[in-house]
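A.B. asks:
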Amino acid sequence: MKVLLIDFDGKLPNLALLKLSTWYKQQDDEVFLNECGYPDKVYISTLFRWNRTKVEKLLQVYPGADIGGTGWNKKKKLLPEIEACKPDYDLYKVSDILPRIRGGIATKASKIAKAETIVNAGIGFTSRGCIRDCGFCDIPEKEGDFHQVGNIGDLLNPRSNVLILLDNNFTADPDVIEKLHEIRDRGLVVDITQGIDVRLVTPEIAQALSEVKHLRSLHYSWDLMSFERQVLDGIKTLSGSVKLWKHLCMMLTGYNTTFDEDLYRFRKLRELHIDPYVMPYNLTYPTEKHHHFARWVNGRIYKSCSFAEYEPWVKAQNDLQMSLF
Ligand code: SF4
Numbered sequence: 001m002k003v004l005l006i007d008f009d010g011k012l013p014n015l016a017l018l019k020l021s022t023w024y025k026q027q028d029d030e031v032f033l034n035e036c037g038y039p040d041k042v043y044i045s046t047l048f049r050w051n052r053t054k055v056e057k058l059l060q061v062y063p064g065a066d067i068g069g070t071g072w073n074k075k076k077k078l079l080p081e082i083e084a085c086k087p088d089y090d091l092y093k094v095s096d097i098l099p100r101i102r103g104g105i106a107t108k109a110s111k112i113a114k115a116e117t118i119v120n121a122g123i124g125f126t127s128r129g130c131i132r133d134c135g136f137c138d139i140p141e142k143e144g145d146f147h148q149v150g151n152i153g154d155l156l157n158p159r160s161n162v163l164i165l166l167d168n169n170f171t172a173d174p175d176v177i178e179k180l181h182e183i184r185d186r187g188l189v190v191d192i193t194q195g196i197d198v199r200l201v202t203p204e205i206a207q208a209l210s211e212v213k214h215l216r217s218l219h220y221s222w223d224l225m226s227f228e229r230q231v232l233d234g235i236k237t238l239s240g241s242v243k244l245w246k247h248l249c250m251m252l253t254g255y256n257t258t259f260d261e262d263l264y265r266f267r268k269l270r271e272l273h274i275d276p277y278v279m280p281y282n283l284t285y286p287t288e289k290h291h292h293f294a295r296w297v298n299g300r301i302y303k304s305c306s307f308a309e310y311e312p313w314v315k316a317q318n319d320l321q322m323s324l325f
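This is the structure:
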């Protein structure tokens, strides 16, 4: 049987498809990623809601396709016997990941190196779910309460010492310190992709985080104004062990904060010498102001001009005024 697995969004190999690939190869089926003539079985996974129309078009080509992923059905799960499979690390090639590393000022060589790192990394969860129930987040509905699902050792890719950890709230894990020690002792380089919940960082967790090698910055978020005290206390605790230049703070905008509150959080983080990164809520329809603010912050254009002077935003306002006359 020919099995076609389709993944067209996200920057990382799709874990569900990696496991499906292992499962079908164990049944002696042929597995293809994204391209295959006349497949007998098709799976499509989409992470983002704004890609639903692409899935609908694919459904016209493959009407019997099995569709999953947060962007389509938050409740859909793999069968237990497939979930239990290890990822098939042969499914993705560098050429599958490279086109997804877009933009920025990185050279082609460094983008290829990044794609190689991703393809050769181990990937997966040691825990799923969360202890919180943030209204803007899909995790509580998709993954439920916090629960353990695996071990660090089960996630490793023999091709490298890089581990892409997908745990939804790693610092909520009662075993977080032991897991960080295991990562340190195995000499792994970890990417905690979902960030940490900085409000839960204790001096001991901060110390353990400082003892592991991180693939990139250590990120966390300050989403709502009501979290200010807890987030700032957590940052203070974390920075007792992890240098500030290694921090990155995501800021949710357009959910229930005003633009003044977005600017306030941005300024507060910059006062602390922390890099902010704006994540507009519901990326399908960010307002023009949110869009420009995100570009201004995430492109670090704030280092050369104020938001009021940011040319694309100034132009957008002028265009709007012109259109009113
Ligand atoms: S803490 Fe993070 S993962 Fe948990 S519900 Fe809130 S946003 Fe989602």
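In the numbering used here, the protein residues as written are 1 to 325. Just so you know, even glycine gets a beta-carbon here, dropped at the ideal spot from N, CA and C.
Output needed for Phe146: all residues of its chain with C-beta closer than 7 Å, excluding positions within five of it in sequence on either side, in chain order.
C.D. replies: Against the sequence shown, residue 146 aligns to sequence position 146. Ser127, Gly129, Cys130, Ile131, Asn169 and Ala172, listed in sequence order.
A.B. asks: Suppose you measure from the CA of Ile192 to the CA of His214; what does that come to, to the nearest Å?
C.D. replies: Taking the sequence shown and counting its residues from 1, the one referred to as residue 192 is at position 192. Taking the sequence shown and counting its residues from 1, the one referred to as residue 214 is at position 214. Rounded to whole angstroms, Ile192 to His214 spans 8 Å at the Cα level.
A.B. asks: Check whether the Cβ of Pro174 sits closer than 7 Å to any heavy atom of the ligand SF4, and report yes or no.
C.D. replies: On the sequence shown, position 174 is the one that residue 174 refers to. No, since every heavy atom of the ligand SF4 falls outside the 7 Å radius drawn around the Cβ of Pro174.
A.B. asks: Kindly indicate which three-state DSSP category Tyr43 falls into: helix, strand or coil?
C.D. replies: For the purposes of this step, residue 43 is identified with residue 43 of the sequence shown, where counting begins at 1. It is a strand residue.
A.B. asks: Going by DSSP, what residue range makes up the beta strand (DSSP E) through Pro280?
C.D. replies: Position 280 of the sequence shown, counting from 1, holds the residue named residue 280. First-last of the beta strand (DSSP E) with Pro280: Asp275 to Pro280.
A.B. asks: Given Asp275, which residues of its chain have a CB within under 6 Å of its CB, disregarding the five upstream and five downstream residues?
C.D. replies: As a working note, residue 275 is residue 275 in the sequence shown. Answer for Asp275: Leu248, listed in chain order.
A.B. asks: So, helix, strand or coil for Ile196, using DSSP?
C.D. replies: In the sequence shown, residue 196 corresponds to position 196, counting from 1. In this structure, Ile196 counts as strand in the three-state DSSP scheme.
A.B. asks: Touching or not, the region 65 to 78 and the region 33 to 48, by the rule of three or more beta carbon pairs under 8 Å?
C.D. replies: Output reads yes: the region 33 to 48 touches the region 65 to 78.
A.B. asks: Can Val212 and Arg184 be called in contact, C-beta distance under 8 Å?
C.D. replies: In the sequence shown, the residue the question calls residue 212 occupies position 212. In the sequence shown, the residue the question calls residue 184 occupies position 184. The answer is yes: Cβ separation under 8 Å.
A.B. asks: Entirely within the region 230 to 276 and at least 4 residues each: give me those alpha helix (DSSP H) ranges in chain order.
C.D. replies: For the region 230 to 276, whole alpha helix (DSSP H) runs of length 4 or above, ordered along the chain, are 259 to 271.
A.B. asks: Let's test the definition: count the other Cβ atoms within 10 Å of the Cβ of Val61 and tell me whether it reaches 16, buried, or not, exposed.
C.D. replies: Numbered from 1 along the sequence shown, position 61 holds the residue referred to as residue 61. Result: exposed.
A.B. asks: Is Asn169 near the ligand GTP, judged by its Cβ being under 7 Å from some heavy atom?
C.D. replies: Only the ligand SF4 can be found as ligands here, which leaves the ligand GTP out of the picture.
A.B. asks: Can you give the beta carbon distance from Glu83 to Lys2, rounded, assuming they're within the 8 Å contact cut?
C.D. replies: Taking the sequence shown and counting its residues from 1, the one referred to as residue 83 is at position 83. Taking the sequence shown and counting its residues from 1, the one referred to as residue 2 is at position 2. 23 Å between Cβ atoms; not a contact.
A.B. asks: Please identify the residue among Tyr264, Glu261 and Ser210 whose C-alpha is closest to the C-alpha of Leu244.
C.D. replies: Here the question's residue 244 lines up with position 244 in the sequence shown. Cα-wise, what sits closest to Leu244 is Ser210.
A.B. asks: Going by Cα to Cα distance, which pick from Ile164, Lys86 and Tyr43 is closest to Asp66?
C.D. replies: In the sequence shown, residue 66 corresponds to position 66, counting from 1. Checking every option, the nearest Cα to that of Asp66 belongs to Tyr43.
A.B. asks: Measure the C-alpha to C-alpha separation of Asp7 and Leu238 and round it to an integer number of angstroms.
C.D. replies: For the purposes of this step, residue 7 is taken as the residue at position 7 of the sequence shown. For the purposes of this step, residue 238 is taken as the residue at position 238 of the sequence shown. Approximately 36 Å, taken between the alpha carbons.
A.B. asks: Alpha helix (DSSP H) containing Tyr24: first to last residue?
C.D. replies: As a working note, residue 24 is residue 24 in the sequence shown. Residues Leu15 to Gln26.
A.B. asks: Please confirm whether any heavy atom of the ligand SF4 lies closer than 7 Å to the CB of Asp197.
C.D. replies: Reading the sequence shown from its first residue, position 197 is the one you call residue 197. Under cutoff, so the answer is yes.
A.B. asks: For Leu166, I'd like the list of residues in its chain whose CB is within less than 8 Å of its CB, leaving aside the five on either flank, ordered along the chain.
C.D. replies: The residue labelled residue 166 in the question sits at position 166 within the sequence shown. Closer than 8 Å at Cβ, skipping near neighbours: Leu15, Ile123, Gly124, Phe125, Thr193 and Gln194.
A.B. asks: Would the beta-carbon of Pro280 fall within 8 Å of that of Gly240?
C.D. replies: The residue you call residue 280 lines up with position 280 of the sequence shown. The residue you call residue 240 lines up with position 240 of the sequence shown. Result no, Cβ atoms of Pro280 and Gly240 do not sit closer than 8 Å.
A.B. asks: Rounding to the nearest angstrom, what Cα-Cα distance links Arg295 and Arg216 in this structure?
C.D. replies: As a first step, residue 295 is located in the sequence shown; it is residue number 295 there, counting from the start. As a first step, residue 216 is located in the sequence shown; it is residue number 216 there, counting from the start. Cα-Cα distance, rounded: 20 Å.
A.B. asks: In the DSSP assignment, find the beta strand (DSSP E) that holds Glu56 and state where it starts and stops.
C.D. replies: Sequence index remark: in the sequence shown, residue 56 carries index 56 (1-based). Premise fails: Glu56 lies in the alpha helix (DSSP H), Arg52 to Val61, not in any beta strand (DSSP E).
A.B. asks: Going straight from the alpha carbon of Glu143 to that of Lys315, what length do you get?
C.D. replies: Here residue 143 corresponds to residue number 143 of the sequence shown, with the count starting at 1. Here residue 315 corresponds to residue number 315 of the sequence shown, with the count starting at 1. Going from the Cα of Glu143 to the Cα of Lys315 covers about 43 Å.
A.B. asks: Answer yes or no: do Leu91 and Ser21 have a C-beta to C-beta separation smaller than 8 Å?
C.D. replies: Here residue 91 refers to the residue found at position 91 when the sequence shown is read from its first residue. Here residue 21 refers to the residue found at position 21 when the sequence shown is read from its first residue. Cβ atoms of Leu91 and Ser21: closer than 8 Å.
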